[in-house]
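A.B. asks: Below is the structure I would like to discuss, written out as structure tokens.
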Amino acid sequence: MDKQFIEDMVSEVRSDYETRAAERRQFESQWQLNANFVIGNQYCRIGVRGEVEDTEKDYYWQEREVFNHIATILETRLAKLSRVRPRMSVLPASGDDGDIKTAKASGKILESAYNKLKVDEVVGKATMWSELTGSAFYKVVWDKSGGRRVGADERGRAVYEGDVRIDVCPPYEILPDSLICQSVEECVSIIHAKAVSVEDVKRIWGKTVEPEETDVVSLSNISVIGGMGLAGAVAKIGRGRKKDRVMVIERYTRPTADKPDGELVIVAGKQLLHYGALPYFNGPDGERELPFIQQNSISRAGCFYGMSMVERAIPIQRAYNAVKNRKHEFLNRIAVGVLAVEDGSVDTDNLETEGLSPGKILVYRQGSNPPRLMSPGSVPADFTVEEQRLLDEFVDVSGISEIMRSSTVPASVTSGVAIQMLIEQDDTRISVTAENIRRAVKKLAQNMLRLYRQFASAPRLTRFVGEEGETELLCWSKSDISSDDIAFDTDNEINTTIAAKQSMMFDLLKAGLLYDEDGRLSDSMRYKILEVFGYGGWERTQNVKALHVSRADKENAALKEKPPEISEVDDHGLHVSEHVKFYLSHEFSELTARRPELNDVLMEHIREHKRLARAESEIKGE
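Note that the sequence shown covers residues 4 to 625 in the numbering used here.
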């Protein structure tokens, strides 16, 4: 690349970034306001310049206490949404035995990757951002320095097998090409801009850049005068300037007619760090796509960024603070009293300084009327009525009732079933957000499998827990991933409550659908029932049949390495069934095409199982 091309590209990308940032400023101001209200700095507003500004008291004696219901509502929503961790499986590309087997292997690969990459924690972090601002983004990329160390290069530097990396990007870092795009899929390009230290730029891209002043969201302390003249420090979130960093701008552009492979440009300062095609074949049909996944709390019609519950609750929180503070001011006047005095009869400066302290001697001018306390009246009932109305509005806006937020049950509700119904009503309100999380997690799983299929060329060893709790090892490579079609194994975790599961289990038991042909509950079924009721840890009964099937499957998988051995404890009938199934599979046909001798090995093994099964039958007959 010549110098002029580099300069033009740097200038174009930086100009594009500044344009998009200016268009998004209104949303950014709202996100900052949301964060301030959550941490308790609630006497602020968005000014005419788009910055979060503190508001002043109208009178010095005003109460300015904060009664933070937004924080508790947010914590409750996050706790409920933490239940949304869907279990998924990979559907086979066809009904062929080989595709079914690779689909199962892909499921195990995905399960192991989820645990290794701590996806549950990643989703929790993204959900925190989406609940606070309305949107969060996952950036799914391939990290060459991830995974196990496999050797060293000619310079002695460590070489790793590489692995998927999932970054959570707050909306502050993501800029679409148009704000009217409804999703990432509708965007032609997306910019990921993040303030990075110059040392990290040197380490990652190998280029030296000059630091520059960058706008970042920062936290500071401000002094606020509260009620009765009490001072306190309250955290404030706003824009700040950092001088030791540089803004790294990554612009991802999806494939077009002019650029069929898409485009990735990375700029920092006046340096072009990278220019090339989109690096990942992460689309549904193997095409190049943008590496971002969006998760909204509440989708906003005709807008790229979602809406947060916090944004909706701010006007109610302001009104609630005002009502509570005015009520307390009224109580202060009742408690302290209002003194009426004749002009010049007493030292008013002394009264204003000390007030009417207990035992105070009040001296007034001889011949004048003595000071008297005016009747302050009582606190109007309207305060209490308005306070309760605002609490009800919190419930309407957030979908979180008092029973879930404060763990208190209304006095009129005494039935356990009724209490559970109230909880389930809350769950229904929040299920829309839960479905948004499930869709994002599904896309996350698909992108992970697609990246493994693209980059995991060398064989890898994955450890996972089998169906019966045993630790198993799986050797795999990208050829073992034949499908990325993901299906949920469970319904929406928010909607599927413990009470609903228990009720369904009782219905199935009454209908007799859980009993075997002899009218008995098997050990495995008994364990599953206990698991549904939350007592699965009491007694772990192993399903012996499943263990025999698992052993036979392992023998099939190891057939190309060594002939299977027969144990005295084998269930010969089950082993015969599983080995015959494997013998008739397309996978075994391909295996014997390369190694014909394995046909005789497996057949001899099946014959031996049949002979031992007949011998056992004869013994039992005697």
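Each residue gets a CB set at the ideal place from its N, CA and C atoms; glycine is no exception.
Predicted model, so just to flag it, every value in this text is computed and none were measured.
1. Quick check on the DSSP output: the alpha helix (DSSP H) that includes W132 runs from which residue to which?
2. Can you give me the Cβ contacts of K446 inside the same chain, cut-off strictly under 6 Å, excluding the 5 residues immediately before and after it?
3. Over the uninterrupted beta strand (DSSP E) stretch that includes V400, give me the two end residues.
4. DSSP three-state label for T75, please.
5. Would you identify the three-state DSSP class for R614, choosing helix, strand or coil?
6. Per the contact definition of three or more C-beta pairs closer than 8 Å, is the segment 309-323 in contact with the segment 249-260?
7. What does the alpha-carbon distance come out to for the pair G230 and Q65?
8. Quick check: what's the CA-CA separation for S226 versus V219?
9. So, is E253 buried or exposed, given that buried needs 16 or more other C-beta atoms within 10 angstroms?
10. Starting from the C-beta of N602, find all residues in its chain whose C-beta is less than 6 Å away, skip the five residues before and the five after it, and write them out in chain order.
11. Considering only residues of the same chain and omitting the five flanking positions on each side of A490, which have a CB-CB separation below 6 Å?
12. Please report how far the alpha carbon of E114 lies from the alpha carbon of R466, in whole angstroms.
13. Excluding the five sequence neighbours on either side, which residues of its own chain have a C-beta within less than 6 Å of the C-beta of H277, listed in chain order?
14. Mind the definition here: the segment 337-355 touches the segment 67-86 only if three or more C-beta pairs lie below 8 Å; say whether that holds.
15. May I ask you to list the residues that DSSP assigns as paired with C47?
16. Taking the beta strand (DSSP E) that A316 falls in, what are its first and last residues?
17. Residues bridged to S192 by DSSP?
18. Quick one: what's got a C-beta closer than 6 Å to A514's C-beta in the same chain, skipping five residues either side?
19. Please state if the CB of T136 and the CB of P173 are separated by a distance shorter than 8 Å.
20. Roughly how many angstroms lie between the CA atoms of A618 and M507, to the nearest whole one?
21. Between T130 and the rest of its own chain, which residues show a CB-CB distance below 6 Å, the 5 nearest in sequence each way excluded?
22. Are C47 and V55 close, meaning C-beta to C-beta below 8 Å?
23. Would you tell me roughly how many angstroms separate the C-alpha atoms of R614 and S570, rounded to the nearest one?
24. When you compare only the Cα positions, how much space is there between R158 and A96?
25. Give the straight-line distance between the Cα atoms of S371 and G380, rounded to the nearest whole angstrom.
26. Can you find a heavy atom of the ligand MN that lies under 7 Å from the Cβ of L533?
27. To which residues of the same chain is V583 closer than 7 Å at the C-beta, ignoring the five residues directly before and after it?
28. Who does A198 pair with in a DSSP beta bridge?
29. Classify V187 as buried or exposed, calling it buried when 16 or more other Cβ atoms lie within 10 Å of its own Cβ.
30. In or out: V388 buried (at least 16 other Cβ within 10 Å) or exposed?
31. Can you find the residues in the same chain that come closer than 6 Å, C-beta to C-beta, to A139, ignoring five residues on each side of it along the sequence?
32. Specify, as a first and last residue, the run of the alpha helix (DSSP H) that M12 falls within.
33. Tell me where the beta strand (DSSP E) around Y278 begins and ends.
34. Considering only the alpha carbon of each residue, which of D395, L334, D288 lies closest to P383?
35. Taking the alpha-carbon of D288 as reference, which of L587, Y62, S485, L36 has the nearest alpha-carbon?
36. Excluding sequence positions up to five away, which residues of its chain have a Cβ less than 8 Å from the Cβ of D146?
C.D. replies: Looking at the coordinates:
1. W132 -> alpha helix (DSSP H) spans 122-136.
2. Closer than 6 Å at the Cβ level, and outside the excluded window around K446, lie I296.
3. Looking at the DSSP string, V400 is not in any beta strand (DSSP E); the run it does join, the alpha helix (DSSP H), is 384-401.
4. helix
5. Per DSSP, reduced to three states, the secondary structure at R614 is helical.
6. no
7. Residue confidence is low: G230 scores 46 on pLDDT, short of 50, so the model does not pin down where it sits. Its coordinate-derived value is still stated next. Cα to Cα, the separation comes out at about 6 Å.
8. Confidence in S226 is poor, its pLDDT being 45 and thus under 50, which makes the residue's placement unreliable; the coordinate value appears in the next sentence. Whole-angstrom Cα-Cα distance: 22 Å.
9. buried
10. T595
11. S92, L94
12. 10 Å
13. I269
14. no
15. D57
16. Looking at the DSSP string, A316 is not in any beta strand (DSSP E); the run it does join, the alpha helix (DSSP H), is 312-339.
17. Under DSSP, S192 takes part in a beta bridge, and its partners are T256.
18. So no residue of the chain qualifies.
19. yes
20. 45 Å
21. Around T130: L84.
22. yes
23. 13 Å
24. Answer to the nearest angstrom: the Cα atoms are 43 Å apart.
25. Approximately 26 Å between the Cα atoms of the pair.
26. For the ligand MN, the structure offers nothing, since it holds no ligand at all.
27. I609
28. M250
29. Label assigned to V187: buried.
30. exposed
31. A129, W132, S133, Q298
32. 6-26
33. 274-279
34. L334
35. S485
36. G165, D166, V167, R168
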